[in-house]
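Its first residue numbered 1, the sequence shown is counted upward by one per residue in UniProt numbering. From the three backbone atoms N, C-alpha and C, an ideal C-beta is built for every residue, glycine too. All values reported here derive from a predicted model rather than from experimental measurement.
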Amino acid sequence: MSVNDSHIYDVIIVGAGLSGLATARRLQQSGIGNVLVLEAQDRVGGRTLDAFTSKGNIVEMGGQWIGPNHEEMIRLSQDLKQDTFDMFADGHVIYRWKGCNTHFTGEIPPVSLSAKADLLQARMKLNRISSIDKTKPWETPGARELDEQSIGSWIESNMWTMEAKQLVRMALRAVYGDDVGGISLLDLLTAIVGAGGSLDDLIDGPQTTRFSHGPQSISLMMARDLDHRVQLKKKVLKVKQINGKFKVYTESTVYNAKHVVITVPKPIIPTIEFSPRLPAAMEQLLQRQPMGNVIKINVVYTSPFWRENGSNGQALLPEEDSPFVVTYDNSPRDASEGVLLGLMVGAVARRFADFSREERQERVVDLLVKCFGFPAKNFVEFHEKIWAEDEYAGGAYGSYNPPGVLYAFKEHTRMRRVGDLHFAGEATSEEWSGYMEGAVRSGYRVAAEIISERR
């Protein structure tokens, strides 16, 4: 193992996802160019990952959408000259319930009057009780009671029709990438206020816009500008602090730094040895915040045939045994191919991960045929990403708080810093946690902390 004692970096950043690269970029722009980004994988981008069809069109396998309130991602993409386009949304949505398809346009599926009333009152209740302090949600009046409830138990206690309950579960499973029975209600309320203050902002607002060259291009462009400051295949094994300075150990090299920024997903942090150890409360917190479980699938066709029938490619699938919770038209901008994107989440994703690729493919295509007709059988490519099997992600989209965690651990849940050891990543952001926007904002926050201390 070589020891790079000849040089002390101002900042070493662990992880070359959006948050790590945004931190490095902002530091460089401020004049702190003595920065090093260490990435364990052979690529940058973290949980943004683009694949390509045989025709060269991009299919997004990780985070992909931004919305009008994602101000930092919009600004960053403009700075990097990365074009965007609106997700295809012209036409009707398919709602599949009890084996039957119905078509609709607008916000609410064609449910019974009682189910519609149930949906509306649940939305109003959630919006009303989400008036909390996003910086310190545990100080909200009644926070303990809110945190001890799961989203699932709140749905059972506050809604009365099975169809409406399943629709709300479906929508929130799609948001979290996991089943709502294990997620704190206070976590949801914090997410709502962090997304703008209404349930609609959280569910529909973030999914309007795609990147022409794929979301991973944002990280690739930042890494290009940072050049040699980004090093791949450098898995950090240990971070040791001695006399106010850090030694960062990889398999082959020891680096020195004044500040260290950890940007990896929370479940990956314990794979790094820290000396001295992290505070006990922080270590225990990390044992209690799981990642969501998502399998993301893109099925490619010669054309977006569903558009000919007036469909926009979106299907809502609220039944718990459905392989997907939702599908979208993920075709390229010029419609030179057709792509249907589907999301498997939670228990369904865990079950399907045990199947062979061929069996997953068969069941997925069978569902798409039921939704979009026999032409869905004639696919030409099948792309999938099982995020729970990704060594450096541990799941997707992000981590969440089970019941009781937010109130018990309070300010520790933000994972901000321990002296000159800083933490970034979407899960540390007060706004848009779980999204690319939250990742970038967290990187800018850490960069601002370091910049302010050096002035």
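DSSP state of residue i mapped onto helix, strand, coil
i, result
"residue 257", "strand"
"residue 315", "strand"
"residue 87", "coil"
"residue 247", "strand"
"residue 65", "coil"
"residue 231", "strand"
"residue 34", "coil"
"residue 401", "coil"
"residue 352", "helix"
"residue 306", "helix"
"residue 422", "strand"
"residue 192", "helix"
"residue 407", "helix"
"residue 412", "helix"
"residue 43", "coil"
"residue 296", "strand"
Span of the alpha helix (DSSP H), counted from its first residue to its last, around residue i
i, result
"residue 154", "151 to 158"
"residue 26", "18 to 29"
"residue 123", "113 to 129"
"residue 204", "Neither: residue 204 is in no alpha helix (DSSP H) and is coded neither H nor E."
"residue 370", "357 to 372"
"residue 449", "436 to 453"
"residue 176", "162 to 176"
"residue 148", "143 to 148"
"residue 94", "Per DSSP, residue 94 belongs to no alpha helix (DSSP H); it is in the beta strand (DSSP E), 92 to 97."
"residue 391", "That residue, residue 391, is in no alpha helix (DSSP H); it is neither H nor E in DSSP."
"residue 76", "71 to 79"
Through-space distance from residue j to residue i, alpha-carbon basis
i, j, result
"residue 237", "residue 332", "40 Å"
"residue 116", "residue 98", "17 Å"
"residue 23", "residue 257", "15 Å"
"residue 293", "residue 13", "26 Å"
"residue 195", "residue 432", "5 Å"
"residue 77", "residue 218", "7 Å"
"residue 390", "residue 114", "43 Å"
"residue 423", "residue 446", "7 Å"
"residue 464", "residue 146", "This structure leaves residue 464 out entirely; the chain is present only between 1 and 455."
"residue 156", "residue 118", "12 Å"
"residue 34", "residue 231", "14 Å"
"residue 144", "residue 223", "43 Å"
"residue 199", "residue 53", "35 Å"
"residue 202", "residue 108", "16 Å"
"residue 18", "residue 220", "10 Å"
"residue 473", "residue 96", "Here the chain covers residues 1 to 455 and nothing more, so residue 473 does not appear."
"residue 396", "residue 84", "23 Å"
"residue 303", "residue 358", "23 Å"
"residue 197", "residue 172", "16 Å"
"residue 137", "residue 429", "13 Å"
"residue 93", "residue 305", "15 Å"
"residue 337", "residue 168", "32 Å"
"residue 225", "residue 418", "29 Å"
"residue 112", "residue 120", "12 Å"
"residue 335", "residue 55", "12 Å"
"residue 204", "residue 247", "44 Å"
"residue 413", "residue 234", "28 Å"
"residue 360", "residue 352", "6 Å"
Limits of the unbroken beta strand (DSSP E) element including residue i
i, result
"residue 51", "50 to 52"
"residue 338", "338 to 345"
"residue 286", "Looking at the DSSP string, residue 286 is not in any beta strand (DSSP E); the run it does join, the alpha helix (DSSP H), is 280 to 286."
"residue 219", "No beta strand (DSSP E) holds residue 219; the alpha helix (DSSP H) holding it covers 216 to 226."
Given residue i as reference, the closest of the options once Cα atoms are compared
i, options, result
"residue 317", "306, 196, 170, 155", "170"
"residue 415", "49, 161, 274, 263", "263"
"residue 409", "48, 350, 19, 187", "187"
"residue 308", "154, 91, 320", "91"
"residue 207", "69, 16, 51", "69"
"residue 227", "37, 419, 146, 173", "37"
"residue 126", "79, 386, 190", "190"
"residue 448", "313, 9, 31, 73", "31"
"residue 50", "401, 359, 314, 212", "212"
"residue 287", "305, 276, 239, 265", "265"
"residue 239", "297, 233, 250", "250"
"residue 123", "151, 103, 140, 141", "151"
"residue 420", "179, 229, 210, 454", "454"
"residue 289", "403, 140, 204", "403"
"residue 362", "407, 132, 297", "297"
"residue 426", "229, 179, 72, 276", "72"
* Asked: Contact between the region 429 to 437 and the region 59 to 67: three or more CB pairs below 8 Å?
  -> yes
* Any chance the region 36 to 56 sits against the region 364 to 374, with 3 or more Cβ pairs inside 8 Å? -> no
* **Validate contact between the region 49 to 60 and the region 270 to 282 using beta carbons, cut 8 Å, 3 pairs** => no
* Asked: On the three-pair Cβ rule with 8 Å, is the region 156 to 164 touching the region 381 to 388?
  -> With the cut-off at 8 Å, the region 156 to 164 and the region 381 to 388 do not touch.
* To do: Pair every Cβ in the region 25 to 33 with every Cβ in the region 342 to 350, then say whether three or more of these pairs are closer than 8 Å.
  => no
* To do: Evaluate contact between the region 335 to 344 and the region 319 to 327, counting only Cβ atoms and requiring at least three cross-stretch pairs below 8 Å.
  => yes
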